[in-house]
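Shown next, in structure tokens, is the structure this report addresses.
Structure (structure tokens):
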């Protein structure tokens, strides 16, 4: 305070939040003798200015939050405070936009951070939220606080494969335990919920269990063939592999494997059994010398258990001793043995033919058929054709005989039935008819009388019938109404 002018000035820092008013006692003393003094009190009120930013206090309740939490779940409690007065102390809070959370005002200066929509940890595993508190002063002051919300995983995703089905090609006769394929599944969950193990979906393959053919490693997903596969026994092995996670409850999915067993040329051609009557696997044929070019002597038949080119067979006639003419050839793919020319007397009476049957595999496998051909004179040739084929089995011949007998029996029964119908029809037409039918009937006595120069019949009516139709009486003869002549009785007696 100025002692002369009495002006009061501020010499220190004034804080509304510390003291809103100040009482200043003032004494005035004159210069008389004795000096007299006067007293008064000066009340100084401090006007508030917006010099304090808001303060935030966070209290966590549900962190981390499970991804299957329901909307409305309270995550954090927030309290705000501003030391200023009036409008300068009015605080509002806001939250980072575009997040599945919101702030809810519970009561004055208290807010709750709650879940606003469903969470998905596989999409967003954590959120960094910023809470901003702003007062109403001018200029406005604000304060911020960060909240880290971690989303806890739940087992809501099953393991998935890149594609639902895989095709695998494996050559037959593989070594036991060979690795044929590897399956792999991914799980979008975390920790133990993402730990995947593999297993076979067991089923029967024919009369055997699937696990006797293949196995799968539980951790790596490698599929192994436990035994050599045989194309002739099993061309396609189709099965499923299951991938299961370690969550609670565990989730699983399946993938289908189609294992095609590729053929290897491991089967030689097999000659079909010779017809009944053959000796030692060789077929004997009698051929008249009179046959011409192209006459089929026999046919070699063979099969191959392989497939594709490995089962494509060709036939070759093995060469004989040098200088020997063989008037026969074999069809390259048909196996038919036929003459190449007309036979003559210079041809040997017996020919020992060796037919080589081979497939087109790599390496090629073969089999040999033997055909004994005997040339005979035409009169010595059997009436029935002696042509036979290597591979025509006895049951086939028996089946042909049975068919012949069956046809003969059917024809006999049909003939007997037709004969019976004809006989029945003839007897029916020739049998005597009943009354009203055409046939023999008792003759009707017809008497005549003469009156004057003409005569008339005494028969009043004549019955007429036709076929089996009902009786007809359309034809009637009437006598005239004349008196009977004197000689009528005599005439009747005479007649």
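Numbering (full-length UniProt numbering), first residue to last: 1 to 495. Built from N, CA and C at the ideal position, the CB exists for glycine as well.
Starting from the Cα of residue i, find the closest Cα among the options and give me that residue.
i, options, result
"residue 310", "111, 360, 132 and 67", "360"
"residue 30", "319, 38 and 23", "38"
"residue 331", "413, 218 and 300", "300"
"residue 176", "67, 223, 364 and 326", "223"
"residue 318", "289, 358, 43 and 404", "358"
"residue 362", "104, 27 and 266", "266"
"residue 51", "36, 84 and 32", "84"
"residue 188", "199, 182, 200 and 158", "158"
"residue 19", "7, 4, 45 and 27", "45"
"residue 209", "197, 346, 260 and 239", "239"
"residue 182", "259, 204 and 127", "259"
"residue 314", "289, 102, 342 and 364", "364"
"residue 499", "70, 130 and 129", "No statement about residue 499 is possible, as the shown extent of the chain runs from 1 to 495 and does not include it."
"residue 128", "138, 140 and 98", "98"
"residue 343", "66, 424, 123 and 376", "376"
"residue 141", "49, 122 and 124", "49"
"residue 350", "211, 203, 289 and 356", "289"
"residue 27", "3, 34 and 33", "3"
"residue 13", "5, 6 and 22", "22"
"residue 205", "237, 219 and 216", "237"
"residue 219", "245, 316, 348 and 190", "245"
By how many angstroms is the C-alpha of residue j removed from the C-alpha of residue i?
i, j, result
"residue 394", "residue 273", "Its pLDDT being 44, under 50, residue 394 is placed unreliably by the model, and the measurement read from it follows with that caveat. Residue 394 and residue 273: Cα-Cα distance of roughly 9 Å."
"residue 195", "residue 106", "43 Å"
"residue 257", "residue 163", "11 Å"
"residue 40", "residue 11", "21 Å"
"residue 151", "residue 144", "22 Å"
"residue 328", "residue 303", "23 Å"
"residue 61", "residue 120", "20 Å"
"residue 86", "residue 111", "20 Å"
"residue 410", "residue 420", "16 Å"
"residue 100", "residue 154", "18 Å"
"residue 263", "residue 305", "10 Å"
"residue 15", "residue 25", "20 Å"
"residue 227", "residue 320", "46 Å"
"residue 108", "residue 63", "25 Å"
"residue 192", "residue 247", "6 Å"
"residue 213", "residue 250", "28 Å"
"residue 88", "residue 186", "56 Å"
"residue 148", "residue 74", "14 Å"
"residue 68", "residue 118", "7 Å"
"residue 9", "residue 47", "16 Å"
"residue 42", "residue 90", "31 Å"
"residue 197", "residue 184", "10 Å"
"residue 339", "residue 345", "15 Å"
"residue 180", "residue 403", "52 Å"
"residue 407", "residue 207", "42 Å"
"residue 76", "residue 122", "23 Å"
"residue 549", "residue 125", "With the chain running from 1 to 495 in the structure shown, residue 549 is simply not present."
"residue 366", "residue 355", "10 Å"
"residue 5", "residue 138", "36 Å"
"residue 211", "residue 268", "31 Å"
"residue 334", "residue 341", "19 Å"
"residue 316", "residue 347", "21 Å"
"residue 389", "residue 413", "In this predicted model, residue 389 has a pLDDT of only 42, less than 50, meaning its place in the structure is not dependable; the value taken from the coordinates is given anyway. Taking the straight line joining both Cα atoms gives about 35 Å."
Can you name the start and end residues of the beta strand (DSSP E) that residue i belongs to?
i, result
"residue 135", "126-135"
"residue 38", "37-45"
"residue 147", "142-152"
"residue 25", "21-29"
"residue 197", "196-200"
"residue 78", "74-81"
"residue 55", "55-60"
"residue 4", "Per DSSP, residue 4 belongs to no beta strand (DSSP E) and is neither H nor E."
"residue 103", "101-107"
"residue 115", "110-115"
"residue 94", "91-95"
"residue 49", "Neither: residue 49 is in no beta strand (DSSP E) and is coded neither H nor E."
"residue 224", "222-225"
"residue 212", "Element bounds for residue 212: n/a, residue is neither H nor E."
If you measure from the CB of residue i, is any heavy atom of the ligand PLP nearer than 7 Å?
i, result
"residue 161", "Absence of the ligand PLP is noted for the structure shown, with no ligands found whatsoever."
Quick check: is the beta carbon of residue i nearer than 8 Å to any beta carbon in chain D?
i, result
"residue 271", "No chain D is present in this structure, which holds just one protein chain."
Residue ranges of each beta strand (DSSP E) within the stretch 244-288, 3 or longer: 252-262 and 283-288
3-residue-minimum beta strand (DSSP E) runs that sit fully inside the UniProt domain "Cadherin" (287-384), ordered along the chain: 296-300, 314-317, 328-330, 336-339, 350-358 and 366-376
Between the stretch 361-377 and the stretch 282-289, are three or more C-beta pairs nearer than 8 Å? yes
Determine contact between the stretch 134-142 and the stretch 85-95, defined as no fewer than three beta-carbon pairs at a distance below 8 Å. Using a C-beta cut-off of 8 Å, the stretch 134-142 makes contact with the stretch 85-95, since at least three inter-stretch Cβ pairs fall below that distance.
Is there contact between the stretch 40-60 and the stretch 69-85, where contact requires at least three CB pairs shorter than 8 Å? Yes, the stretch 40-60 touches the stretch 69-85.
Assess, as a yes-or-no matter, whether the stretch 251-267 is touched by the stretch 287-300 under the definition of 3 or more beta carbon pairs within less than 8 Å. no
Specify whether the stretch 169-181 and the stretch 220-232 touch according to this definition: at least 3 beta carbon pairs, one from each stretch, less than 8 Å apart. Touching, per the Cβ criterion.
Give, in chain order, every unbroken run of the beta strand (DSSP E) that is at least 3 residues long and sits entirely within the stretch 154-178. 165-171
Kindly provide the ranges of any alpha helix (DSSP H) runs that are 4 or more residues long and lie completely inside the stretch 400-427, ordered along the chain. Entirely contained in the stretch 400-427, not one alpha helix (DSSP H) run reaches 4 residues.
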